[in-house]
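Residues in the sequence shown are numbered consecutively from 3, following the numbering used here. Just so it is clear, CB atoms sit at the ideal spot from N, CA and C, and this is done for glycine as well.
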Amino acid sequence: MKIPPLVFALSALAFGPAAVMAQQQTPAKPAAKPAAKPAAKPAAATQRAPLARSAAKAVEEVTPIEEDVSVTLTDADLAVAQRVYLGSIPCELGSAVEITPAKRQGFFIVQVKNVRNARYYMHPVESRTGAIRLEDPRRGAMWLQLGNKSMLMSQQLGKRLADECMSPEQLTLAGEMKRNPPRSLLDPVDPPAVTPSPAVPAAPATTP
């Protein structure tokens, strides 16, 4: 059965606004979120961070020093080694030198505290002046122990790494030298005292 055109038109007018309202109230579908990008991998470190000063010093202290096996000590050298002051020796400007015996007899580990690359493997060397002299020929360093003080010199750098270093024995001698300074070679020498010779009595006069 066909619907008359007039009835169809009236039905469209009756239901048209409701259809429009229904279409407006229908919620729109949310837009799809973009896919999350994968987290970027951290770039590989190309350089290692430098060690802290304390860590570098600790590594240096446990690193063995290469020995000079070509050096042979004589009995005289071993006797000199017995006179080397050991332990922590205070120096000027708050510095200090640490001297410890090495595993090899007559050799010593000499290092400046809190100074990197100032660690040496030393042995006695004959000295014409009578001072105690230790040397590390490979690293160009020398430790000179005098009666009242000691010093550490770098022959490669051409300077003193530590000066006015005094062990308790040297400190005592230095104080004694201040109280009674030794005579300098430039001081005038007092002339020797002249003792007058006894007078010779005159011979008695003879009469003719």
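Would you say residue i and residue j are within 9 Å of each other, going by their C-beta atoms?
i, j, result
"E137", "A78", "no"
"V112", "W145", "yes"
"V82", "I101", "no"
"Q107", "L159", "no"
Measuring CA to CA, which of the options is closest to residue i?
i, options, result
"L163", "A98, A81, S72, A83", "A98"
"G132", "L88, Q147, R121", "Q147"
Can you give me the Cβ contacts of residue i inside the same chain, cut-off strictly under 6 Å, excluding the 5 residues immediately before and after it?
i, result
"I91", "V99, C167, S169"
"F109", "H125"
"R121", "Q113"
Near residue i, what residues of its chain come up, given a Cβ to Cβ distance below 7 Å and the 5 sequence neighbours on each side ignored?
i, result
"C93", "V99, A164, D165, E166, C167"
Can you tell me the Cα-Cα spacing of residue i and residue j, whole angstroms?
i, j, result
"Q157", "G142", "5 Å"
"Q172", "N150", "4 Å"
"R211", "P126", "No answer is possible for residue 211: it lies beyond the span of the chain, which begins at 3 and ends at 210."
"L154", "P183", "25 Å"
"S72", "L80", "16 Å"
"K59", "K180", "Only weak support exists for where K59 lies, its pLDDT of 44 falling under 50; the value from the coordinates is given anyway. The alpha-carbon atoms of K59 and K180 are separated by roughly 38 Å."
"S152", "K161", "14 Å"
"R130", "L95", "30 Å"
"P1", "A176", "Residue numbering for the chain in the displayed model covers 3 to 210; residue 1 lies beyond these limits and cannot be assessed."
"P103", "T197", "58 Å"
"Y123", "R185", "37 Å"
"T174", "L88", "16 Å"
"E178", "Q84", "24 Å"
Apart from the five residues on each side of it in sequence, which residues of its chain come closer than 8 Å, Cβ to Cβ, to residue i?
i, result
"K115", "S90, S97, A98, V99, E100"
"A24", "With a pLDDT of 48 at A24, under the threshold of 50, the modelled position of this residue cannot be trusted; read the value that follows with caution. Excluding residues within five positions, none has a Cβ falling inside 8 Å."
"K105", "none"
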